[in-house]
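What follows is a short report on a single structure.
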Amino acid sequence: MLNVESLRLEFGGVVALKDVDFSVEMGELFAILGPNGAGKTSLFNCLSGLVKPKGSIQVNGNEVIGKKPHEIADMGIARTFQNLGLFGSMTVAENILVGSHLQIQGGAFTAAIRWPSVFRSERQARRNADELMELMNLLEVRDSVVDTLPYGIRKRVEIAKAVASKPSLLLLDEPVAGMNHEETETFVEYVLELKKQLGLTIVLIEHDVAMVMRIADRILALDFGEVIGLGTPAEIQQNERVIAAYLGATDESDAQTELLMEGAISE
Amino acid sequence: MAITETVKPVRTAHVQRERSRTKDESQLCVSKGQRIGLAVGFLLIFAVPLSVGNPFLISLGVTIGIYAIAAIGLNVLSGYAGQISLAQSVFVGVGAFAGVALAGLAELPLLVWLPATFIIGGLAAAIVAPLTLRLKGVFQIVLSLGLIFVGTYIFVNSTVFTGGNSGISASPALSLGFMDFGNLVVGGMAYGYQQGLFILVWLCVAASMIAVVNMHRTRFGRSMIAIREAETAAQIAGINTNGVKVKAFIIAGAFGGLAGGLLLAQLRYVQTHQFGINMGLELLIIAVVGGLGTTWGPVIGAAIISAIPVLATQYAEYIPFLQEDFSQSGEIGIPVGQVGLLIYGLALVLVMVFEPRGVSHWFKIGGEKLRSLGSGNRAVVDVRKPS
Chain A
94 MLNVESLRLE
104 FGGVVALKDV
114 DFSVEMGELF
124 AILGPNGAGK
134 TSLFNCLSGL
144 VKPKGSIQVN
154 GNEVIGKKPH
164 EIADMGIART
174 FQNLGLFGSM
184 TVAENILVGS
194 HLQIQGGAFT
204 AAIRWPSVFR
214 SERQARRNAD
224 ELMELMNLLE
234 VRDSVVDTLP
244 YGIRKRVEIA
254 KAVASKPSLL
264 LLDEPVAGMN
274 HEETETFVEY
284 VLELKKQLGL
294 TIVLIEHDVA
304 MVMRIADRIL
314 ALDFGEVIGL
324 GTPAEIQQNE
334 RVIAAYLGAT
344 DESDAQTELL
354 MEGAISE
Chain B
57 MAITETVKPV
67 RTAHVQRERS
77 RTKDESQLCV
87 SKGQRIGLAV
97 GFLLIFAVPL
107 SVGNPFLISL
117 GVTIGIYAIA
127 AIGLNVLSGY
137 AGQISLAQSV
147 FVGVGAFAGV
157 ALAGLAELPL
167 LVWLPATFII
177 GGLAAAIVAP
187 LTLRLKGVFQ
197 IVLSLGLIFV
207 GTYIFVNSTV
217 FTGGNSGISA
227 SPALSLGFMD
237 FGNLVVGGMA
247 YGYQQGLFIL
257 VWLCVAASMI
267 AVVNMHRTRF
277 GRSMIAIREA
287 ETAAQIAGIN
297 TNGVKVKAFI
307 IAGAFGGLAG
317 GLLLAQLRYV
327 QTHQFGINMG
337 LELLIIAVVG
347 GLGTTWGPVI
357 GAAIISAIPV
367 LATQYAEYIP
377 FLQEDFSQSG
387 EIGIPVGQVG
397 LLIYGLALVL
407 VMVFEPRGVS
417 HWFKIGGEKL
427 RSLGSGNRAV
437 VDVRKPS
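Residue numbers (the working numbering), protein chains in the order written: chain A, 94 to 360; chain B, 57 to 443.
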């Protein structure tokens, strides 16, 4: 459903992405792995229209490059941000309602004069938001202002906000960064459950190698904006370029990485 | 599996209670108290002017209402959408001079010229909106300053509608046919021009507030706040941020235009230089002091900012250190003409330092305290929420 061909992104003279090619199948959980500065978030920014790269990105046959972010959202792509893309002064429910913006009808004028269909659509969206909050176990904090909530819950709110738009493709940018092991486990459960219930295709950026190895169907490894590996977790685990890029090229750390990755697989 | 374990306990009466509440949240009145308040408010709009005889106070009420409408518009743009503009006065001017043209020169009836000032104000804003919204922060403020000078230039040179530098008079019709706000007769009693106008102006204030509350509680209002909070995240959620900002600007201009039309009706004489930087600043200060992004902020702000200078001038003799003309008495004091500036400045500094959320926040806290006093157990419910 997602086809990326010879994608190239430059900032001034710096090449952030160099001829990246990959495709993601419907229903897949596709992970992107790479050290800091490898171009992972840049790739997401290309996918959601925040930057203008060269090349081609197609979602279900439609070209993404050249479209504005809100138009891309309308094509069924939702994403989360590394450092939270929530609206701090709004409540959890309101954040999720903003997420379902594309599902609701009505503009400024029709709302001002209380046009009935606008308020029907509004009530429907609120019911859907409540169902989503129930699924994500957020009902208890429904009316809390987001800024007052702990980080782990905010991360969950952000996912709920993203899936509220009923996307077909969900992009998660380091969703478990800053979480402890237990929080990560719970979080992964939520994501997998959502994926199953809503039939999502997920592209995930993550540093937690063990977690990625365990849940991803396929992995794309990036380094300095280049694809250095693409395949199943088992294939990536054997890929020497990935191992070298991720933990340095010394023999000792090579051994450590392999241990770490094998441990993750067998877990 | 962890999910099913954690979700289940939530499916209780708690959920049912929350569910039943969701229906009402986009409604105009969320509680019974608000419905009563709304009814009382409408009653006051008619009762106050008909029972208060002092023409000075009635006229002050009209002024507050007019500034409140202009500030309600500005509050949509600056409070909800987070786009700062000093140029709201230009749209008040556009509305006033549109009123001169339509009500004064063309002598059109109230139901034509007053809505027209609203629409023309919005159209004027639509012309400049794409320019100002390309910029952010300080640049936006500077551009809005420029807009004021361009606006003043255009006003001064459109002498047919504005009278150039010397101003222009107009006597707009205030008749609805069955009811003439300009010459109000209720139960055989004739009321003054300002009393009738008070009703008209405050009906417009009420309509503006209701319209904005409706917007605030639905998709468009959330889009504006989302843009204010995190513009990129708003785009990613599918919000056409430029479109929403342009609409917010148009709404601000339209309410500005309406305020201008009513200002013309009150003064029956307007002058180009009224709609300059002073009024622009005053309106922004009203919005900030009252509380940006609040429903009552513009009205409370207008009551404070536009009333205090007028009251101070009127009652100067009773206030120490206030001199009507101290060049002759030789005493030291604050000249009455400058009290307004002093109060804007003081109010702005005090609000920014002590209550950036604006004066309306005090009213909100006060209201919540009253309510929790009324029903003691509600406070317990609030404690349980992790907010």
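Heads up, the beta-carbon is just placed ideally off N, CA and C, and yes, glycines get one too.
Checklist entry - For E187 of chain A and chain B, any beta-carbon pair shorter than 8 Å? => result Here residue 187 of chain A refers to the residue found at position 94 of the first sequence. Answer yes: the Cβ-Cβ gap between E187 of chain A and chain B drops below 8 Å somewhere.
Checklist entry - If we call anything under 8 Å between Cβ atoms a contact, is Y283 of chain A one with I321 of chain A? => result The count along the first sequence starts at 1 and reaches residue 283 of chain A at position 190. The count along the first sequence starts at 1 and reaches residue 321 of chain A at position 228. Not closer than 8 Å, so no.
Item to check | Where Q291 of chain B meets chain A, residues with beta-carbon distance less than 7 Å | outcome: Here residue 291 of chain B is taken as the residue at index 235 of the second sequence, counted from 1. Here the neighbours are P162, H163.
Checklist entry - Quick one: is S149 of chain A near chain B, going by C-beta distance under 8 Å? => result Along the first sequence, one-based indexing puts residue 149 of chain A at 56. No - not a single Cβ of chain B is within 8 Å of the one on S149 of chain A.
Checklist entry - For R324 of chain B, which of B:T274, B:R284, B:F153, B:I210 has the nearest alpha-carbon? => result Start at 1 with the first residue of the second sequence, and residue 324 of chain B comes out as number 268. With respect to the C-alpha of R324 of chain B, the residue from B:T274, B:R284, B:F153, B:I210 having the closest C-alpha is B:F153.
Item to check | Backbone CA spacing between N153 of chain A and I329 of chain A [nearest angstrom] | outcome: Residue mapping note: residue 153 of chain A aligns to position 60 of the first sequence, counting from 1. Residue mapping note: residue 329 of chain A aligns to position 236 of the first sequence, counting from 1. Taking the Cα positions, N153 of chain A is about 27 Å away from I329 of chain A.
Checklist entry - Name the chain A residues that come within less than 8 Å of F276 of chain B, Cβ to Cβ? => result As a first step, residue 276 of chain B is located in the second sequence; it is residue number 220 there, counting from the start. Going along chain A in sequence order, the residues near F276 of chain B (Cβ under 8 Å) are G199, G200, A201, A204.
Checklist entry - Of the residues B:G414, B:V216, B:P186, which one's Cα is nearest the Cα of S200 of chain B? => result Reading the second sequence from its first residue, position 144 is the one you call residue 200 of chain B. Per the Cα distances, B:P186.
Next on the checklist: I need the straight-line Cα distance from R333 of chain B to L265 of chain A, nearest angstrom please.
Outcome noted: As a first step, residue 333 of chain B is located in the second sequence; it is residue number 277 there, counting from the start. As a first step, residue 265 of chain A is located in the first sequence; it is residue number 172 there, counting from the start. The question names Arg, yet the displayed sequence has Ile at residue 333 of chain B. So the alpha carbons of these two residues sit roughly 47 Å apart.
Item to check | Proximity of L25 of chain B and S115 of chain B at Cβ, strictly below 8 Å | outcome: Beyond the ends of chain B as shown, which are 57 and 443, falls residue 25 of chain B; an answer cannot be given.
Item to check | Contact belief for L253 of chain B with L230 of chain B at Cβ below 8 Å, rounded distance in angstroms | outcome: In the second sequence, residue 253 of chain B corresponds to position 197, counting from 1. In the second sequence, residue 230 of chain B corresponds to position 174, counting from 1. Yes, they are in contact, since the Cβ atoms of L253 of chain B and L230 of chain B sit about 7 Å apart, within 8 Å.
Checklist entry - Using a Cβ-Cβ distance under 8 Å, would R207 of chain A count as near chain B? => result Here residue 207 of chain A refers to the residue found at position 114 of the first sequence. It does; some Cβ of chain B falls within 8 Å.
Next on the checklist: Going by the DSSP bridge assignment, what does M245 of chain B pair with across the sheet?
Outcome noted: Taking the first residue of the second sequence as position 1, residue 245 of chain B is located at position 189. In the DSSP output, where bridge partners are listed per residue, M245 of chain B has B:V242.
Next on the checklist: Three or more C-beta pairs under 8 Å: does that hold for the segment 162–176 of chain A against the segment 215–235 of chain A?
Outcome noted: With the rule of 3 Cβ pairs closer than 8 Å, the segment 162–176 of chain A does not count as touching the segment 215–235 of chain A.
Checklist entry - How long is the line joining the alpha carbons of V326 of chain B and E81 of chain B, rounded to whole angstroms? => result Numbered from 1 along the second sequence, position 270 holds the residue referred to as residue 326 of chain B. Numbered from 1 along the second sequence, position 25 holds the residue referred to as residue 81 of chain B. Rounded to the nearest angstrom, the two C-alpha atoms are 42 Å apart.
Checklist entry - So which residues of chain A does G193 of chain B contact, with C-beta pairs closer than 7 Å? => result In the second sequence, the residue the question calls residue 193 of chain B occupies position 137. Simply none; closest approach about 18 Å.
Next on the checklist: Taking CB distances under 8 Å as the criterion, tell me whether E33 of chain B reaches chain A.
Outcome noted: For residue 33 of chain B there is no data in the structure shown, the boundaries of chain B being 57 and 443.
Checklist entry - At which residues does the alpha helix (DSSP H) containing T173 of chain B begin and terminate? => result As a position in the second sequence, residue 173 of chain B is number 117, starting the count at 1. 166–188 is the span of the alpha helix (DSSP H), which, as asked, contains T173 of chain B.
Checklist entry - Based on the DSSP output, what are the partners of N96 of chain A in its beta bridges? => result One-based indexing of the first sequence puts residue 96 of chain A at position 3. DSSP, once it has assigned bridges, lists A:S116, A:Q151 as partnering N96 of chain A.
Next on the checklist: In chain order, what are the residue ranges of uninterrupted beta strand (DSSP E) at least 3 long that sit wholly in the segment 398–437 of chain B?
Outcome noted: Correct list: empty.
Next on the checklist: Below 8 Å on C-beta distance, what does R247 of chain A contact in chain B?
Outcome noted: Sequence index remark: in the first sequence, residue 247 of chain A carries index 154 (1-based). Chain-order list of chain B residues neighbouring R247 of chain A: empty, with the shortest C-beta distance near 12 Å, by a criterion of under 8 Å.
Next on the checklist: Quick check: the Cα distance between T369 of chain B and V392 of chain B, rounded to an integer number of angstroms?
Outcome noted: As a working mapping, residue 369 of chain B is identified with position 313 in the second sequence. As a working mapping, residue 392 of chain B is identified with position 336 in the second sequence. Near 6 Å, if we compare the C-alpha coordinates of V392 of chain B and T369 of chain B.
Checklist entry - Going by the CB atoms, is the gap between V335 of chain A and E299 of chain A shorter than 8 Å? => result In the first sequence, residue 299 of chain A corresponds to position 206, counting from 1. In the first sequence, residue 335 of chain A corresponds to position 242, counting from 1. In this structure, V335 of chain A does not lie closer than 8 Å to E299 of chain A by Cβ.
Checklist entry - To which residues of the same chain is A308 of chain B closer than 6 Å at the C-beta, ignoring the five residues directly before and after it? => result Position 252 of the second sequence, counted from the start, is the residue given in the question as residue 308 of chain B. So the list reads G129, L130, V132, L133, once near-sequence residues are dropped.
Item to check | Cβ shell of Q291 of chain B (< 6 Å), same chain only, five flanking positions each side left out | outcome: Within the second sequence, the letter at position 235 stands for residue 291 of chain B. Answer for Q291 of chain B: T297, listed in chain order.
Next on the checklist: Against A166 of chain A, what residues of chain D qualify as contacts under a CB-to-CB distance less than 7 Å, listed in chain order?
Outcome noted: Note that chain D does not occur in the displayed structure, where the protein chains are A and B.
Next on the checklist: Quick check: the segment 306–320 of chain B against the segment 147–161 of chain B, are at least 3 beta-carbon pairs closer than 8 Å?
Outcome noted: yes
Next on the checklist: Three or more C-beta pairs under 8 Å: does that hold for the segment 231–239 of chain A against the segment 172–191 of chain A?
Outcome noted: yes
Next on the checklist: The beta strand (DSSP E) that contains V320 of chain A, what's its start and end?
Outcome noted: Reading the first sequence from its first residue, position 227 is the one you call residue 320 of chain A. That run of the beta strand (DSSP E) goes 319–324.
Next on the checklist: Under DSSP, the beta strand (DSSP E) around T309 of chain A begins and ends at which residues?
Outcome noted: Numbered from 1 along the first sequence, position 216 holds the residue referred to as residue 309 of chain A. Strictly speaking, residue 309 of chain A in this sequence is Ala, with Thr absent from that position. Neither: A309 of chain A is in no beta strand (DSSP E) and is coded neither H nor E.
Checklist entry - Based on the DSSP secondary-structure assignment, which residues constitute the bridge partners of E103 of chain A? => result The count along the first sequence starts at 1 and reaches residue 103 of chain A at position 10. Paired residue(s): A:V108.
Item to check | chain B contact for E345 of chain A (CB, 8 Å cutoff) | outcome: Locating residue 345 of chain A in the first sequence gives position 252, counting from the first residue. Unreliable positioning characterises E345 of chain A in this predicted model, as indicated by a pLDDT of 49, which lies under 50. A coordinate reading is not provided.
Checklist entry - How is the alpha helix (DSSP H) around F123 of chain A delimited, first residue to last? => result Your numbering for residue 123 of chain A matches position 30 in the first sequence. Not the alpha helix (DSSP H): F123 of chain A falls in the beta strand (DSSP E), residues 122–126.
Next on the checklist: Measuring straight from C-alpha to C-alpha, what distance separates V107 of chain A and Q151 of chain A?
Outcome noted: Reading the first sequence from its first residue, position 14 is the one you call residue 107 of chain A. Reading the first sequence from its first residue, position 58 is the one you call residue 151 of chain A. So the alpha carbons of these two residues sit roughly 25 Å apart.
Next on the checklist: Counting only beta-carbon separations shorter than 8 Å, does R216 of chain A have a partner in chain B?
Outcome noted: Within the first sequence, the letter at position 123 stands for residue 216 of chain A. Answer yes: the Cβ-Cβ gap between R216 of chain A and chain B drops below 8 Å somewhere.
Item to check | Beta-carbon proximity list for P111 of chain B, same chain, < 7 Å, skipping 5 on both sides | outcome: Here the question's residue 111 of chain B lines up with position 55 in the second sequence. So the list reads G248, Q250, once near-sequence residues are dropped.
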